Each structure stands twice: as structure tokens, then as C-alpha cells.
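Worksheet for the structure shown next.
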Amino acid sequence: MTSATLQKSGGLHPAQELYPATGPVFVLEDPATPRRTVTKQDLTDHLVSSMRLSGKESKALVELFFDTMRSTLAAGEDVKLSGFGNFTLREKRARPGRNPRTAEMVQISARRVVTFRASQKLREACLAGVEKHG
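Under this note's numbering, the first residue of the sequence shown is numbered 83, with each subsequent residue one higher.
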């Protein structure tokens, strides 16, 4: 595990550990890397330490979660995570563009993109973190 590991805030009832949206808050403890990316391995390690699952079970759970999100979005459905936010699909039409290096005009193809809209709870938590850590 790296020095900037995920930690659960203390003082919670054991049942709350099962429901992160209403219970524990996860923070990076290493102030030298306040903007470090949280990886799937970090999530797996956190499940091992907090839920007492085996490494294989934790990794399988994290992979299953992201596979389910991927397949749901690929099927054209939205993913809504209460207290976190919504992942939605948006159709973008073809449009003209320009290569910034050569200034050559190119056609940007139509495509489907995933957008994320944070929930009010997540926004408030992020604002509180900014105010607390400057």
C-alpha cells in the first residue's frame, strides 16, 4: 500500500461501514500529495482493510462494479449513484474542427460521450474540503 492511502473517518457504527453514502468519509492522508489519483487498487486495498474481505474478493468486487457501469452505459442507460452523481450518455453530432498544429480543417466525427454531473452532496463535500484545506 502506498503512503497516501485511503482512510475511513472514525467513530462510526459498524452498520454504517456498509453504506458509504451515509457513513464513512474517505480522505487522502498524505498532505504531500493532496491531488493524487485514487486508483482501483486503492479501492481494493480499502475494502480489504475496512470490510475484511480477501484481496481476491475485493478486487473482484471493484472490477464487477466498474464492469457493470461500463456495460450499463454501453447499453445506452444512465448510471445514477445516490449521493455521488449521475453518469449520462450524450450524442455529439459531427462538426468541423481544426488541427491546432497545422491549422488544417478536419471533420470531427459524430460520437457518443459519457458526462458526469455531481450530486449536491458531493458538491458540498468538495466545497467543504476546499475550505478546510485551502
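Just so you know, even glycine gets a beta-carbon here, dropped at the ideal spot from N, CA and C.
What you are looking at is a predicted structure, and each value in this text was computed from that prediction instead of being measured.
- Annotation for residue 181: 188 place their beta carbon closer than 7 Å to its own, counting only its chain and skipping 5 residues before and after.
- Between the segment 195-215 and the segment 161-178, the count of Cβ pairs shorter than 8 Å is three or higher; the stretches touch.
- Rounded to the nearest angstrom, the Cβ distance from residue 125 to residue 166 is 13 Å, too far for a contact under 8 Å.
- Cβ-Cβ separation between residue 174 and residue 193: approximately 5 Å, consistent with a contact (criterion under 8 Å).
- A distance below 8 Å separates the beta carbons of residue 176 and residue 190.
- Residue burial is scored here from C-beta neighbours: residue 129 has at least 16 other C-beta atoms within 10 angstroms and is therefore classed as buried.
- For residue 174, the beta-bridge partners assigned by DSSP are 193.
- For residue 161, the enclosing beta strand (DSSP E) stretches over residues 161-163.
- For residue 187, DSSP records a beta bridge to 180.
- Per DSSP, residue 205 has no beta-bridge partner at all.
- For residue 137, the secondary structure class from DSSP, reduced to helix, strand or coil, is helix.
- Around the beta carbon of residue 212, fewer than 16 other beta carbons sit within 10 angstroms, so the residue counts as exposed.
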